[in-house]
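Visitor: Right, I'll just put the structure down here and ask away after.
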Amino acid sequence: MNTAAVLQHSSEGLPFDLEAKYQQLKSVISGFDSALVAFSGGVDSTLVAKVALDALGAQRVVAAIAVSASFGEAEERSAYEMLSEIGLPYLTVETNELEDPRYAANPINRCYFCKEHVYGALVIAARERGFETVIDGFNGEDTLDFRPGRKAGRELGVRSPLHEAGLSKNDVRGLARHLGLSNWDKPQMACLSSRVEYGIQITSSILKQVDRAEAALRRMGFDDLRVRHHNKVARVEVEQAMLPRALAQRAEIVDAVKAAGYTHVTIDPEGLRHGSMNEGLKRIG
52 MNTAAVLQHS SEGLPFDLEA KYQQLKSVIS GFDSALVAFS GGVDSTLVAK
102 VALDALGAQR VVAAIAVSAS FGEAEERSAY EMLSEIGLPY LTVETNELED
152 PRYAANPINR CYFCKEHVYG ALVIAARERG FETVIDGFNG EDTLDFRPGR
202 KAGRELGVRS PLHEAGLSKN DVRGLARHLG LSNWDKPQMA CLSSRVEYGI
252 QITSSILKQV DRAEAALRRM GFDDLRVRHH NKVARVEVEQ AMLPRALAQR
302 AEIVDAVKAA GYTHVTIDPE GLRHGSMNEG LKRIG
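Quick note, my numbering runs 51 ahead of the 1-based positions in the sequence shown.
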C-alpha cells in the first residue's frame, strides 16, 4: 500500500485541501435559512444546487432557470435534465433583457445590464415564494476574467458560495465528480450574447443564428466551441486538440455555419479561448 497516497486523502476520499473547501462550502450554504439557486445547468450551478439540496433539504431550496433569447435551446433542455437528475424542485423565470436598450446596444459592460435584469427577477421570485437568499455559481477563479455582471449580483445581495469557499474551476469539477454529478466534465458555457462582438446591436435573430451554427457544429462532434459573431463573419473557435480535425473538415464547417446565415466563415487558428471577446479590454469594475 502506498501510505503517502493514502495520507493525502480524507476519509471521504477527497484530497485534504478539497475536503476542507467542501466542508466550508457546506458551512456557507447551511448558514442560509433558505435559498433560491440561479441555475443554468452548468457544472458550477449544479454543484451549488446539489450541496444546497443536501444541506438545506427540499423544503428550503429551489432552483430557478432564467429563460430568455440568450439561453440556447440545448442548454435549456440540459438544465431541466440536470434538475431532474438531482431531484431539485425548480421554477422558470422569463427575463426581458433584450428589451433594455442599454443591454441591446452591447457595450463592454453588457453583462451588468443582463444580470441586473436576471438577478433582479430572481430576487423578486425568491421574495414572493419566501426564500431568503439568492445564490449563484460564481466560483473562486471567475474574478480573473472581466465579469461586470458580478457587480449587479453584489448590489442585489446575491451570494456566491463557491467563491466564498475558495473553490477553483478544477475544485468544482473534482467535487462534482465525487458527488456523482453526470455533468462534472461538461464544457464551460456562457450566454449566447457573449458570442457577439461588442458594439454590434444584439437581437433575437442574431442569437438564434449563433445557436443554430453552434448546434450544427456540435452535431459534427465539436463539443467545446464558440461561434463568434462579427456581423456577416463567423469566427469559429474549437479547442486546440480538435483544431487538426476542424481544419480537415473545413469545408463541412463552412457549409454548416453558412447554412445558419453567415456569409463568411473562418476557423480561428488560436483555438478556443473562453472570454476571447474580452481580449484587449482594459479591466474595469
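We put the beta carbon where it would ideally sit given N, CA and C, even for glycine.
These numbers come from a predicted model, not from an experiment.
Return the Cβ separation of residue 190 and residue 213 in integer angstroms, given the expectation that the two are a contact with Cβ distance under 8 Å.
Guide: 4 Å between Cβ atoms; contact.
Visitor: Would you report the Cα separation of residue 64 and residue 93, rounded to the nearest angstrom?
Guide: Cα to Cα, residue 64 sits roughly 24 Å from residue 93.
Visitor: Can you check DSSP and say which residues form a bridge with residue 87?
Guide: According to DSSP, residue 87 bridges with 113, 185.
Visitor: In terms of alpha-carbon separation, which member of 221, 177, 183, 91 lies closest to residue 240?
Guide: It is 91 whose Cα lies nearest to the Cα of residue 240.
Visitor: Can you tell me which residues form a DSSP beta bridge with residue 224?
Guide: Beta-bridge pairing links residue 224 to no other residue.
Visitor: Assign residue 126 to buried or exposed, taking buried as 16 or more other Cβ atoms, counted over all protein chains shown, within 10 Å of its Cβ.
Guide: Label assigned to residue 126: buried.
Visitor: Starting from residue 149, trace the beta strand (DSSP E) in both directions and tell me its first and last residue.
Guide: Premise fails: residue 149 is in no beta strand (DSSP E) and is neither H nor E.
Visitor: What is the C-beta distance between residue 187 and residue 209, in whole angstroms, given that I count them as a contact (C-beta under 8 Å)?
Guide: So it is a contact: roughly 6 Å between Cβ atoms.
Visitor: Using only CA atoms, which one of 228, 172, 150, 205 lies nearest to residue 73?
Guide: For residue 73, the nearest C-alpha among the options comes from 228.
Visitor: What is the rounded straight-line gap between the Cα of residue 79 and the Cα of residue 184?
Guide: Their backbone Cα atoms lie some 12 Å apart in a straight line.
Visitor: Can you tell me whether DSSP reads residue 104 as helix, strand or coil?
Guide: Residue 104: helix per DSSP, three-state reduction.
Visitor: Which class does residue 118 belong to by DSSP, given the choice of helix, strand or coil?
Guide: Three-state DSSP puts residue 118 in a strand.
Visitor: Once the 5 residues before and after residue 281 are set aside, which same chain residues still bring their CB inside 7 Å of it?
Guide: 248, listed in sequence order.
Visitor: Going along the chain, which residues of its own chain have a beta-carbon closer than 6 Å to the beta-carbon of residue 242, five neighbours each way excluded?
Guide: Counting only Cβ-Cβ distances below 6 Å, and skipping sequence neighbours, we find 121.
Visitor: What separation, rounded to the nearest whole angstrom, lies between the Cα atoms of residue 262 and residue 330?
Guide: One C-alpha to the other measures close to 22 Å.
Visitor: Exposed or buried, which one is residue 110 when buried takes at least 16 other CB atoms within 10 Å?
Guide: The residue is exposed, with fewer than 16 neighbouring Cβ atoms inside 10 Å.
Visitor: If I measure Cβ to Cβ from residue 324 and keep anything under 8 Å in the same chain, skipping five residues before and after, which residues do I get?
Guide: Around residue 324: 288, 330.
Visitor: Hey, how far is the Cα of residue 313 from the Cα of residue 67?
Guide: Their backbone Cα atoms lie some 50 Å apart in a straight line.
Visitor: So the alpha helix (DSSP H) residue 241 belongs to, where does it begin and stop?
Guide: No alpha helix (DSSP H) contains residue 241, which DSSP labels as neither H nor E.
Visitor: Which two residues bound the contiguous beta strand (DSSP E) that contains residue 261?
Guide: No beta strand (DSSP E) contains residue 261, which is instead part of the alpha helix (DSSP H) from 255–270.
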